Amino acid sequence: MMDGKRNWVEEAAKMPLAFSQVREDALLDESVVLGLGEQVDVLMIASGGCTAALLASIPQVRRLHLVDPNPAQLALSRLKLHLLKNLPPAQRLALLGHQPMREEERHARLGQALSELMLPRNALGPFRTVVATGPDYVGRYERVFRALQQSLDGSERELLAALRSSTANASAFSPDSPLGRKLDEALGQVMSLPNLVRLFGEDATNNPEKPFHLHFADRIRWIMKNGQASTNPYLWQMLTGSFPKNRFAPWLTRQAAVHPPIVTESCCRMEQVLERETGAYDFIHLSNILDWLSPGDAEKTLDLAAGALRRSGRLLIRQLNSTLDIRGAGRMFQWLDSASQDLWRRDRSFFYRALHLGRKR
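Per the working numbering, the sequence shown runs over residues 660 to 1020.
What follows is the structure, encoded as structure tokens:
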């Protein structure tokens, strides 16, 4: 049950998946990869597999090495790569929970897919729970957003009107508006520090620039002012648990590459992979894992990333809410200021306060 101020947290904490959906605009990663020419080798954080699936659809990607210390995240990534190859978009959407599907059918088809991948039925969590909602809605992060959506109950009409507006509608969520006050209250309750620590651990809340509920309130208001809310899949997913009409996470509607990349994986921390790789990759995607690290560990990770890249290889880092001086810690990179700012302005996944694109010196 999701009732009560703490019950939903304890139920969510039991789920093995931290993230079912990757809250990253993978079109940005794609644009970096496309600028690297042919035969691109990629090393990346697996997370929920959405970015991995999109990159796997690009003909230029030759090898994709997925890294995550959580075996459930790797299992979900493997499933999404399987769906990319074997199911058309409409069936992917239904199986994952974004479109209606009879529970009996999802039970059978998901069970078959996991069997073909030689994964146990509980690889993503209790099978009945996964079948009931679809795999894209069982992660702990998704449970946070579900609790947020429930806290906004009673404001659906105003919320949808704001999201459907074809023009910037910052005033709808202004702090002194009824909807804005309700949003701030809901974020404060749902994204309290004790809740986030219980669900994601203390490392995930390292070095915050501001309390996380305030960070997300600011980012929502920013995207309402500067972005196209009516077509933003990441904003709709966060606030409504659904996608706007015909606007999905990019991989969900992609066709598989005719010659898909070789996919390998490591169930460990990224630093462990970087330590044993030298000059092996053209593009490294670190998501926002540096937010979780101390300044010393972040500097070490960036040095290792430089060693794992080929000459002039690219590194892309997202920064959520940490105070870490990423560019100061990455002295082996030339940080591409203009390109980084351009990526950040284009980023529909509005969670991040900065993006950092670096080129190995």
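Heads up, the beta-carbon is just placed ideally off N, CA and C, and yes, glycines get one too. Quick caveat: nothing in here was measured; it's all calculated off a predicted structure.
Look at V691 here: in three-state DSSP terms it is helix. For L740, the closest C-alpha among the options P954, P920, V789 is that of P920. At a cut-off of 4 residues, the continuous stretches assigned as alpha helix (DSSP H) that sit fully inside the stretch 874-940 are 892-899, 929-935. DSSP places R977 in the strand class (E or B) of the three-state scheme. For R880, the closest of N828, G813, T710 by C-alpha to C-alpha distance is N828. L754 places its beta carbon less than 8 Å from that of L746. Residues R1007, F1009 of the same chain have their beta carbon placed closer than 7 Å to that of G886, with the five preceding and five following residues left out of the count.
A Cβ-Cβ separation of about 17 Å leaves A821 out of contact with F804 under the 8 Å criterion. Here P867 is bridged, per DSSP, to S981. DSSP places V720 in the strand class (E or B) of the three-state scheme.
Distance from the Cα of G955 is smallest, within the candidate group W910, R990, N781, D996, for R990. Going by C-alpha positions, E844 is about 44 Å away from M777.
Assigned with DSSP and collapsed to three states, Q698 falls in coil, not helix or strand. Counting C-beta atoms within 10 angstroms of its own C-beta, C709 has 16 or more neighbours from the protein chains shown and is therefore classed as buried. A677 sits in coil when the DSSP states are folded into three classes, being neither helix nor strand. Counted as a single uninterrupted DSSP element, the beta strand (DSSP E) harbouring G1017 occupies residues 1013-1019.
In summary, E689 is buried, with 16 or more beta-carbon neighbours lying within 10 Å of its beta-carbon over all protein chains present.
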